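Trainee: Have a look at this one before I ask anything.
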Amino acid sequence: MSKRYYCDYCEKTMVSSPSIIKTHVKGVVHQKLVSAHYQHFKDPETILKEESCKKPCTRFPRGECNFGGICRFSHYTPEQINALRDYVASKYNNLNEASQPSFQDLYQRLQGNLHESCKKCPTRG
Ligand SMILES: [Zn+2]
Ligand SMILES: [Zn+2]
């Protein structure tokens, strides 16, 4: 009767009915969180491939884009794309593991940049 469905991504419980879950999973908020979640597990090559074939989002720099990770336009700046390209290239050209910048560092840097250009981000300031 009172079975509840818990969405790990949204950290929300809801009535465990197929139609309610289906609607929830299709919702923009959920999709955004799922995409943000998987972005962490994507390798830089995948991100580079995806982002370099997207047109830049014109709304995101003004903080007006509500699509987040599911936007069909890129939220990466040309500098960030270049940083990714350099990273991917260095991965192939430089086989000395020790001198590799860790992707985690790069990712943090990119996220930092993204947050700085996101005027609405609550973690800012
Ligand atoms: Zn959800
Ligand atoms: Zn966008």
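Residues 1 to 125 in UniProt numbering are what the sequence shown lists, from first letter to last.
Just so you know, even glycine gets a beta-carbon here, dropped at the ideal spot from N, CA and C.
Every value quoted in this text rests on a predicted model; they were computed, and no experiment measured them.
Taking buried to mean at least 16 other C-beta atoms within 10 Å of its own C-beta, is S17 buried or exposed?
Mentor: So S17 counts as exposed.
Trainee: Can you give me the start and stop residues for the beta strand (DSSP E) that T13 sits inside?
Mentor: Per DSSP, T13 belongs to the beta strand (DSSP E) from K12 to V15.
Trainee: Three or more C-beta pairs under 8 Å: does that hold for the segment 50-64 against the segment 20-39?
Mentor: No, because fewer than three Cβ pairs between the segment 50-64 and the segment 20-39 fall closer than 8 Å, the two stretches do not touch.
Trainee: Quick one: residues with CB closer than 7 Å to any heavy atom of ligand 2, in chain order, please.
Mentor: After applying the 7 Å Cβ criterion, the set is C57, R59, F60, C65, F67, C71, F73 and H75.
Trainee: Pick helix, strand or coil for R59, following the three-state DSSP scheme.
Mentor: Reduced to three states, the DSSP call for R59 is coil.
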